[in-house]
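In full-length UniProt numbering, the protein residues as written are 1 to 353.
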């Protein structure tokens, strides 16, 4: 049954993407409740954050627990700009937030990306806490635990974004930009190099791939996208404080990525939207809410350790379905392709056995 579902999704991928996009466009007008529109806005923002983290964790294979730091850097950059420069256009505050987050990504990546395994993970956790402490104690700039209040709403070319519907479409546009950036990267030679590094870093280096260069590129892009989401968050809520960008938020983003499936764009959508909506759906259960939430996550990890869409290669499944073949996971297909290539190499380019 699961294989049939994968075949259906793979065979109708473009149509389903179009339908999902049309639904996203129509969503604010399908429901009169501003509350639901705000929930949709938050879901899209977390999807953007999950996608940016998945670029680092899922596609590159570098486990990071400090993604909320870049989110916070972007949020504080935008908030400081618009509160200290009245009338600062959103194109400036958003761009500055992305650039600042990318700059911190560069500064952190220079020493840290040379580390491997748990060392990298630990440093990202420490970095997240350092940024939070800076935000908490630099009173003259960040106002510490008081936070920054009365953050101006974004303005694009003279048009002020104020209503829930307008904010929804703004984050939808930013999310589309994120998807386009990630797809263009992963479908290019850069993406092939990144996947090679994830699969076997030593083999990639032996093939002449500049491992550090590609790691740095992905780390910076991931940081910039998180910073862009931070700028939106600051000007959407109108208030930020250090508690909103701690390790707890980093863990939530990571859970969303793992829940949906590492290295899968669609998985990030499902993980972020699902885990953003689930607490709201369980709100009526009061004290049992977090218990049920945790139990569902544990149950999923037992049934699908790689996440809902982990190791699912829709492109491969679609090709096999068109040819009347059997379906399989991305891992299985990858192993099969490697074996076929090895046979061709052994046979001097002849037919497979």
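Built from N, CA and C at the ideal position, the CB exists for glycine as well.
Here the structure is a predicted model, which is why all the values come from computation and not from measurement.
* Of all the alpha helix (DSSP H) runs that stay within the bounds of the region 4-87, which reach a length of 4 or more residues? -> 13-30, 34-54 and 67-84
* Neighbourhood of residue 86 by C-beta distance below 8 Å, restricted to the same chain and skipping five residues each side -> Reading the chain shown from its first residue, position 86 is the one you call residue 86. Once the five neighbours on either side are set aside, the close Cβ partners of residue 86 are 152.
* Asked: For residue 192, is the classification buried or exposed, using 16 other Cβ atoms within 10 angstroms of its Cβ as the cut-off for buried?
  -> Counting from one through the chain shown, the residue named residue 192 turns up at place 192. Label assigned to residue 192: exposed.
* Taking 8 Å as the CB-CB limit, is residue 109 close to chain B? -> In the displayed structure, chain B is absent; only one protein chain is listed.
* Please confirm if the region 58-70 is in contact with the region 260-279, defined as three or more CB-CB distances below 8 Å between the two stretches. => yes
* To do: Please report the residue range of the alpha helix (DSSP H) in which residue 167 lies.
  => The residue given as residue 167 occupies position 167 in the chain shown. Per DSSP, residue 167 belongs to the alpha helix (DSSP H) from 164-186.
* To do: Excluding the 5 residues preceding and the 5 following residue 415 in the sequence, name in chain order all residues of the same chain whose CB lies nearer than 6 Å to its CB.
  => No answer is possible for residue 415: the residues shown for the chain start at 1 and end at 353.
* First and last residue of the uninterrupted alpha helix (DSSP H) at residue 233 -> Here residue 233 is taken as the residue at index 233 of the chain shown, counted from 1. Residue 233 -> alpha helix (DSSP H) spans 211-237.
* Just reading off the alpha helix (DSSP H) that residue 241 is part of, what are its end residues? -> As a working mapping, residue 241 is identified with position 241 in the chain shown. Segment: none, residue 241 is in no alpha helix (DSSP H) and carries neither H nor E.
* Asked: What are the boundary residues of the alpha helix (DSSP H) that includes residue 106?
  -> The residue given as residue 106 occupies position 106 in the chain shown. That run of the alpha helix (DSSP H) goes 90-112.
* Minimum C-alpha distance to residue 234 - residue among 39, 31, 80 and 69 -> Residue 234 sits at position 234 when you count from the first residue of the chain shown. Minimum Cα distance to residue 234 is reached at 80.
* Below 8 Å on the Cβ atoms is my guess for residue 70 versus residue 226; work out the distance and round it to an integer in Å. => Here residue 70 refers to the residue found at position 70 of the chain shown. Here residue 226 refers to the residue found at position 226 of the chain shown. With 8 Å as the limit, residue 70 and residue 226 qualify as a contact, their Cβ atoms being about 4 Å apart.
* With residue 256 and residue 275 assumed to form a contact (beta carbons below 8 Å), what rounded beta-carbon distance in angstroms separates them? -> Counting from 1 along the chain shown, the entry for residue 256 is found at position 256. Counting from 1 along the chain shown, the entry for residue 275 is found at position 275. Correct: roughly 5 Å between the Cβ atoms.
* In the DSSP assignment, find the unbroken alpha helix (DSSP H) run with residue 146 in it and report its ends. => Locating residue 146 in the chain shown gives position 146, where the first residue counts as 1. Taken as a continuous stretch (DSSP letters only), residue 146 belongs to no alpha helix (DSSP H), as it is neither H nor E.
* Hey, could you find the ends of the alpha helix (DSSP H) residue 119 is sitting in? => Sequence index remark: in the chain shown, residue 119 carries index 119 (1-based). Residues 118-137.
* Asked: Start and end of the alpha helix (DSSP H) containing residue 158?
  -> Here residue 158 refers to the residue found at position 158 of the chain shown. Premise fails: residue 158 is in no alpha helix (DSSP H) and is neither H nor E.
* Asked: Nearest-angstrom Cα distance between residue 29 and residue 149?
  -> Mapped onto the chain shown, residue 29 falls at position 29. Mapped onto the chain shown, residue 149 falls at position 149. Cα-Cα distance, rounded: 30 Å.
* To do: Kindly list the residues whose CB is nearer than 7 Å to the CB of residue 175, restricted to its own chain and excluding five residues on each side of it in sequence; keep chain order.
  => Residue mapping note: residue 175 aligns to position 175 of the chain shown, counting from 1. Here the set comprises 44, 47 and 48.
* Leaving out five residues before and five after residue 165 in sequence, what residues of the same chain have Cβ atoms less than 7 Å from its Cβ? -> Numbered from its first residue, the chain shown carries residue 165 at position 165. Excluding residues within five positions, the ones whose Cβ falls inside 7 Å are 28 and 37.
* Just the C-alpha distance for residue 201 and residue 120, rounded to the nearest angstrom, thanks. => By one-based count along the chain shown, residue 201 stands at place 201. By one-based count along the chain shown, residue 120 stands at place 120. So the alpha carbons of these two residues sit roughly 15 Å apart.
* **Identity of the residue in 241, 219 and 291 nearest residue 103 by Cα** => Against the chain shown, residue 103 aligns to sequence position 103. Ranking 241, 219 and 291 by Cα distance to residue 103 puts 219 first.
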